[in-house]
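Taking it in order: structure first as structure tokens, then the write-up.
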Amino acid sequence: DQQVKQNSPSLSVQEGRISILNCDYTNSMFDYFLWYKKYPAEGPTFLISISSIKDKNEDGRFTVFLNKSAKHLSLHIVPSQPGDSAVYFCAAPDYNTDKLIFGTGTRLQVFP
Amino acid sequence: GAGVSQSPRYKVAKRGQDVALRCDPISGHVSLFWYQQALGQGPEFLTYFQNEAQLDKSGLPSDRFFAERPEGSVSTLKIQRTQQEDSAVYLCASRPTRTGANVLTFGAGSRLTVL
Numbered sequence: 001d002q003q004v005k006q007n008s009p010s011l012s013v014q015e016g017r018i019s020i021l022n023c024d025y026t027n028s029m030f031d032y033f034l035w036y037k038k039y040p041a042e043g044p045t046f047l048i049s050i051s052s053i054k055d056k057n058e059d060g061r062f063t064v065f066l067n068k069s070a071k072h073l074s075l076h077i078v079p080s081q082p083g084d085s086a087v088y089f090c091a092a093p094d095y096n097t098d099k100l101i102f103g104t105g106t107r108l109q110v111f112p
Numbered sequence: 113g114a115g116v117s118q119s120p121r122y123k124v125a126k127r128g129q130d131v132a133l134r135c136d137p138i139s140g141h142v143s144l145f146w147y148q149q150a151l152g153q154g155p156e157f158l159t160y161f162q163n164e165a166q167l168d169k170s171g172l173p174s175d176r177f178f179a180e181r182p183e184g185s186v187s188t189l190k191i192q193r194t195q196q197e198d199s200a201v202y203l204c205a206s207r208p209t210r211t212g213a214n215v216l217t218f219g220a221g222s223r224l225t226v227l
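Chains as they are written, first to last, in my numbering: chain D, 1 to 112; chain U, 113 to 227.
And the structure:
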């Protein structure tokens with residue numbers, strides 16, 4: 001049972017445009033969400049997070065939106081840059097055990 | 113060190129061999145996690161240490177997998193009698209606190225290929 005889902009394995013966006021990466025979750029007990037970014041041959045690095053008491057969190061070009069009723073969150077990157085090309089993972093800490101549960105990732109490619 | 117260090121970065125093993133993967137977390141970090149990432153998948157939890165205590169090993173796929181952190185710093189993940197399905201990237205992550213502040217710092221991973 002996959003509690004965190006990223007249904008789009010890949011996304012291709014032109015430089016300067018908006019990238020929107022989506023994530024759905026099934027466990028209503030999740031109260032905090034994180035996005036990690038991963039380049040090839042490197043470990044995932046933390047990008048941005050959001051608490052369930054908010055519906056939006058912004059950090060520079062990155063904004064995460066949370067829709068609790070739909071159990072859906074999205075990461076917006078504006079404007080997209082070629083250096084943003086990476087795999088993006090959505091994650092949530094398990095309520096009982098504190099371990100992070102990851103989605104399967106979305107590979108973003110930003111082309112000139 | 114400045115980050116989480118893992119070694120070896122790449123390991124090729126013949127089926128049936130034992131392997132040991134090492135993780136040096138950020139100095140002073142209390143919590144240490146091991147994750148397994150198969151090709152095309154997200155990281156999947158294996159086990160969790162708080163200092164030297166292994167508090168959760170529910171993600172270890174079989175009794176061939178064993179992890180330790182005897183002095184509360186360096187950790188080793190050992191896989192006995194490796195199988196082809198063990199081929200994956202093994203990621204180690206640490207964080208300074210016991211709970212909360214769930215931002216983990218990951219190492220670059222150890223890629224294991226079992227032939």
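Idealized CB from N, CA, C, for every residue including glycine.
Just curious, the beta strand (DSSP E) that residue i is in, first and last residue?
{"i": "N67(D)", "result": "F62 to N67"}
{"i": "N22(D)", "result": "S19 to Y25"}
Run through DSSP, which three-state label would residue i get?
{"i": "Q162(U)", "result": "strand"}
{"i": "E58(D)", "result": "strand"}
{"i": "E156(U)", "result": "strand"}
{"i": "P93(D)", "result": "strand"}
{"i": "Q109(D)", "result": "strand"}
{"i": "D168(U)", "result": "strand"}
{"i": "S196(U)", "result": "The sequence shown places Gln at residue 196(U), not Ser. It is helical."}
{"i": "D84(D)", "result": "helix"}
{"i": "Y32(D)", "result": "strand"}
Report back the beta-carbon spacing between residue i and residue j to the nearest angstrom; my notes put them in contact at under 8 angstroms.
{"i": "A220(U)", "j": "F145(U)", "result": "With 8 angstroms as the limit, A220(U) and F145(U) do not qualify as a contact, their Cβ atoms being about 15 angstroms apart."}
{"i": "K99(D)", "j": "F157(U)", "result": "5 angstroms"}
{"i": "R127(U)", "j": "V226(U)", "result": "6 angstroms"}
{"i": "K71(D)", "j": "T26(D)", "result": "7 angstroms"}
Would residue i be called buried (16 or more neighbouring beta carbons within 10 Å of its own) or exposed?
{"i": "A41(D)", "result": "exposed"}
{"i": "V124(U)", "result": "exposed"}
{"i": "R181(U)", "result": "buried"}
To which residues of the same chain is residue i closer than 8 angstroms at the C-beta, ignoring the five residues directly before and after it?
{"i": "A91(D)", "result": "V4, F33, L34, W35, Y36, L100, I101, F102 and G103"}
{"i": "Q109(D)", "result": "S10, L11, S12, V13 and S85"}
{"i": "D130(U)", "result": "K190, I191, Q192, R193 and T194"}
Please return the same chain residues whose Cβ sits closer than 7 angstroms to the Cβ of residue i, not counting the five positions on each side in sequence.
{"i": "R176(U)", "result": "I191, Q192 and R193"}
{"i": "K47(D)", "result": "Rather than Lys, the amino acid found at residue 47(D) in this sequence is Leu. Cβ neighbours of L47(D) beyond the five flanking positions: W35, Y36, K37 and F62."}
Considering only residues of the same chain and omitting the five flanking positions on each side of residue i, which have a CB-CB separation below 6 angstroms?
{"i": "L223(U)", "result": "It is Arg, not Leu, that sits at residue 223(U) in the sequence shown. Excluding residues within five positions, the ones whose Cβ falls inside 6 angstroms are Y122 and V201."}
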